[in-house]
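Chains as they are written, first to last, in the working numbering: chain Z, 155 to 496; chain R, 155 to 496. A short worksheet on the structure shown next.
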DNA sequence: TGTTAGCACTCAACTCGAAGGAGTGCTAAC
DNA sequence: GTTAGCACTCCTTCGAGTTGAGTGCTAACA
């Protein structure tokens with residue numbers, strides 16, 4: 155069977171109505187709601203078809219219809235194609251460029267959660283593809299060196315390196331020059347074991363000490379800080395009984411604490427990004443079991459210089475997709491503006 | 155009226171029983187539970203007295219008794235006096251000394267939450283009283299300096315300082331020497347505006363540029379990183395209906411996300427610490443409104459060099475105080491061991 | 001005087017059935 | 001193809017009745 159124009163209108167009306175009220179939608183409501191001027195009986199026939207086709211379903215025999223996952227998917231797909239969403243005016247917007255990335259990200263998560271009334275999460279941009287701008291080794295004391303590495307985007311990494319023997323100022327200076335000339339301009343991704351080995355060779359036969367230090371610097375660069383993810387508005391899930399009834403709240407709250415699980419979701423969305431930067435996962439489509447009754451909308455953001463991160467919004471399937479996507483687009487562009495001048 | 159020995163035994167029996175079952179305790183239960191060999195009628199008389207004295211209360215006329223806040227307080231106080239708690243064997247213990255403080259703290263929170271089955275939080279040790287070990291300014295590029303400050307305990311702070319004019323290598327070297335000779339050995343707390351002003355004077359009439367840089371270094375030192383607090387096991391609160399019924403879960407989950415509120419609680423417990431390092435807040439005693447139906451147990455820990463932080467456990471009032479306090483004591487000593495050798 | 005048995009009473013929790021109502025599917029007529 | 005009408009379904013709500021745990025009080029007992 156085909157989804158003819160009238161069925162589409164009815165389907166959309168059902169979904170819109172359900173998004174607003176959260177209650178199953180009956181045929182009489184649709185009959186009044188739309189300007190199709192059809193009786194409820196006719197609508198009933200159409201709705202029976204739509205149910206057979208899998209777009210809507212009945213919680214029980216004598217109830218109205220609610221959208222199925224397939225129905226939501228249809229709605230999201232056609233909506234996204236149909237019109238470019240307008241930007242949304244954000245309330246309590248207070249995004250300023252921050253010294254600390256962390257502060258900014260927490261702010262963004264908060265603004266998003268407050269504006270949408272869903273749970274929000276945000277991942278720190280990966281710096282793997284950022285270029286090393288500056289490396290410095292300093293002697294803290296005879297047993298410890300301090301390595302400071304600055305990459306584009308002013309992300310700073312520190313590492314304290316324990317050393318077996320003291321190192322002379324001269325050697326330290328040489329080492330600093332060597333590291334900077336050889337590594338500056340490379341991305342963290344590019345600095346692999348081969349390059350480290352080559353470095354060691356160039357450092358000459360200064361003995362194992364230098365080798366150790368170079369290894370430690372390499373480690374510091376590669377060190378994959380576990381995925382930094384910040385969340386906000388977790389308690390917004392309590393606004394939606396379908397997410398919290400039957401003790402499901404516990405599972406969801408737990409998931410929001412397990413940053414690793416959220417990380418996998420964000421990873422997935424980065425990989426699957428078709429270019430629009432926005433993706434919608436409905437129910438089982440998200441790779442996290444505890445979110446099977448949720449919808450997740452993710453957006454890739456960019457903070458200049460190719461630093462990409464992801465914002466995610468988690469809410470009930472009857473989420474206000476328009477508003478959420480609008481909010482995310484707005485945030486995307488604000489962040490873009492904020493860091494354009496760099 | 156006095157709390158005679160028999161009343162104490164009965165009160166403890168009521169509390170113990172309620173901690174185990176979570177159900178109001180009736181007189182017949184006590185009559186069998188204790189070896190007082192008293193009939194339920196006698197117990198009823200005693201319980202009526204205890205209620206009048208405020209140690210227990212009835213949810214409704216025909217129900218058993220549950221402990222009041224005052225009752226819990228009595229229980230905790232006498233228990234804590236009576237015996238030194240034994241340490242508790244921790245399950246899934248995996249505490250290793252970590253390069254990153256953050257990783258360790260998250261681990262501790264997780265271990266505590268898993269072992270107690272309550273919600274746990276931990277604050278990063280304050281470094282205000284730690285001494286500055288090392289300061290270094292480096293030139294990133296003509297417009298930016300990088301300030302790196304290392305304090306005892308190997309805590310590293312970074313700051314990028316924008317400068318109006320380029321600075322010569324010579325001046326930078328001088329500045330570094332000045333900063334290190336003047337500030338090393340002082341605690342972050344001690345470095346106030348007066349000292350900064352004195353520094354500026356010593357730097358001479360090098361003009362406003364140097365002054366600005368010194369100010370920025372001062373700011374970097376004082377910069378109060380907002381209280382780093384990590385939580386784990388938030389979803390454990392769902393194990394206790396009295397915390398989650400009537401939509402109270404939302405408020406609690408929200409509180410666990412608002413690190414600032416948790417910070418005030420931790421601050422309060424640091425200030426009130428009588429020396430034992432362990433404190434119990436029952437109901438309203440904690441300074442956070444949303445925790446009025448909870449008990450909070452806090453413990454101060456120390457990571458060598460006077461770096462003190464706080465661990466907190468939040469659960470229902472009918473918390474297994476013995477186990478919780480034992481767990482915290484165990485953690486305290488493990489952390490102490492872990493960092494003793496520094 | 002303290003303890004106990006006995007009894008009437010209270011009140012939350014559970015069960016059950018009836019009533020109400022929203023909504024459907026089907027049929028027959030337009 | 002559309003619609004009015006009607007029987008049917010099934011969730012929800014409500015009140016009544018029942019149950020059972022537990023109490024407070026009284027009177028008797030050691």
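Beta carbons are placed, not taken as given, at the ideal position from N, Cα and C, and that holds for glycine. Quantities reported herein were computed from a predicted structural model and do not represent experimental measurements.
If you reduce the DSSP assignment to three classes, tell me which class residue i lands in.
{"i": "residue 372 of chain Z", "result": "helix"}
{"i": "residue 381 of chain Z", "result": "coil"}
{"i": "residue 388 of chain R", "result": "helix"}
{"i": "residue 275 of chain R", "result": "strand"}
{"i": "residue 496 of chain Z", "result": "Confidence at residue 496 of chain Z is low in this model, with a pLDDT of 48, below 50, so the placement of that residue is unreliable and no value is reported for it."}
{"i": "residue 245 of chain Z", "result": "coil"}
{"i": "residue 171 of chain Z", "result": "helix"}
{"i": "residue 357 of chain Z", "result": "coil"}
{"i": "residue 190 of chain R", "result": "coil"}
{"i": "residue 345 of chain R", "result": "coil"}
{"i": "residue 230 of chain Z", "result": "helix"}
{"i": "residue 219 of chain R", "result": "strand"}
{"i": "residue 330 of chain Z", "result": "helix"}
{"i": "residue 312 of chain Z", "result": "strand"}
Using only alpha-carbon positions, find the residue among the options that is nearest to residue i.
{"i": "residue 339 of chain R", "options": "R:458, R:312, R:445, R:287", "result": "R:287"}
{"i": "residue 277 of chain R", "options": "R:480, R:318, R:418", "result": "R:418"}
{"i": "residue 231 of chain Z", "options": "Z:477, Z:478, Z:433, Z:197", "result": "Z:433"}
{"i": "residue 218 of chain Z", "options": "Z:178, Z:452, Z:225, Z:428", "result": "Z:178"}
{"i": "residue 289 of chain Z", "options": "Z:215, Z:372, Z:171, Z:167", "result": "Z:372"}
{"i": "residue 221 of chain R", "options": "R:215, R:213, R:214, R:209", "result": "R:209"}
{"i": "residue 505 of chain Z", "options": "Z:335, Z:189, Z:294, Z:309", "result": "Outside the shown range of chain Z (155 to 496) lies residue 505 of chain Z, about which nothing can therefore be said."}
{"i": "residue 445 of chain Z", "options": "Z:404, Z:335, Z:180, Z:481", "result": "Z:404"}
{"i": "residue 330 of chain R", "options": "R:368, R:264, R:344", "result": "R:368"}
{"i": "residue 382 of chain Z", "options": "Z:483, Z:279, Z:427", "result": "Z:279"}
{"i": "residue 132 of chain R", "options": "R:460, R:182, R:285", "result": "Chain R is shown from 155 up to 496; residue 132 of chain R falls before or after that span and cannot be answered."}
{"i": "residue 267 of chain Z", "options": "Z:224, Z:478, Z:353, Z:173", "result": "Z:478"}
{"i": "residue 324 of chain Z", "options": "Z:342, Z:364, Z:307", "result": "Z:364"}
{"i": "residue 456 of chain R", "options": "R:437, R:430, R:442, R:441", "result": "R:430"}
{"i": "residue 314 of chain R", "options": "R:335, R:352, R:370, R:332", "result": "R:370"}
{"i": "residue 420 of chain Z", "options": "Z:447, Z:462, Z:437, Z:392", "result": "Z:462"}
{"i": "residue 356 of chain R", "options": "R:283, R:226, R:250, R:337", "result": "R:337"}
{"i": "residue 481 of chain R", "options": "R:242, R:192, R:193, R:172", "result": "R:242"}
{"i": "residue 175 of chain R", "options": "R:212, R:269, R:474", "result": "R:474"}
Give the range of the alpha helix (DSSP H) segment to which residue i is assigned.
{"i": "residue 212 of chain R", "result": "Where residue 212 of chain R is concerned, there is no enclosing alpha helix (DSSP H), given that its DSSP letter is neither H nor E."}
{"i": "residue 413 of chain R", "result": "413-426"}
{"i": "residue 395 of chain R", "result": "395-398"}
{"i": "residue 264 of chain Z", "result": "255-270"}
{"i": "residue 321 of chain Z", "result": "No alpha helix (DSSP H) holds residue 321 of chain Z; DSSP gives it neither H nor E."}
What residue range does the beta strand (DSSP E) around residue i cover?
{"i": "residue 290 of chain R", "result": "286-295"}
{"i": "residue 454 of chain R", "result": "448-456"}
{"i": "residue 462 of chain Z", "result": "462-470"}
{"i": "residue 443 of chain R", "result": "Unbroken run through residue 443 of chain R: none, as it is neither H nor E."}
{"i": "residue 300 of chain Z", "result": "298-305"}
{"i": "residue 434 of chain Z", "result": "432-436"}
Any chance the CB of residue i is under 8 Å from a heavy atom of the ligand GDP?
{"i": "residue 450 of chain Z", "result": "Because no ligand of any kind appears in the structure shown, any question about the ligand GDP cannot be addressed here."}
Do the segment 299-307 of chain Z and the segment 157-175 of chain R make contact, defined as three or more Cβ pairs closer than 8 Å? Between the segment 299-307 of chain Z and the segment 157-175 of chain R there are fewer than three C-beta pairs closer than 8 Å, too few to call the two in contact.
Between the segment 462-481 of chain Z and the segment 394-413 of chain Z, do three or more beta carbon pairs fall short of 8 Å? Judged by Cβ distances under 8 Å, the segment 462-481 of chain Z makes contact with the segment 394-413 of chain Z, as three or more pairs qualify.
Between the segment 344-354 of chain Z and the segment 407-414 of chain Z, do at least 3 Cβ pairs fall closer than 8 Å? Cβ pair count under 8 Å is below three, so no.
With a cut-off of 8 Å, do at least 3 Cβ pairs link the segment 439-452 of chain R to the segment 460-467 of chain R? yes
Meets three-Cβ-pair contact criterion under 8 Å: the segment 378-392 of chain Z and the segment 268-277 of chain Z: yes
Closer than 8 Å is the cut-off here; do at least three beta carbon pairs connect the segment 190-198 of chain Z with the segment 257-271 of chain Z? Judged by Cβ distances under 8 Å, the segment 190-198 of chain Z makes no contact with the segment 257-271 of chain Z, as fewer than three pairs qualify.
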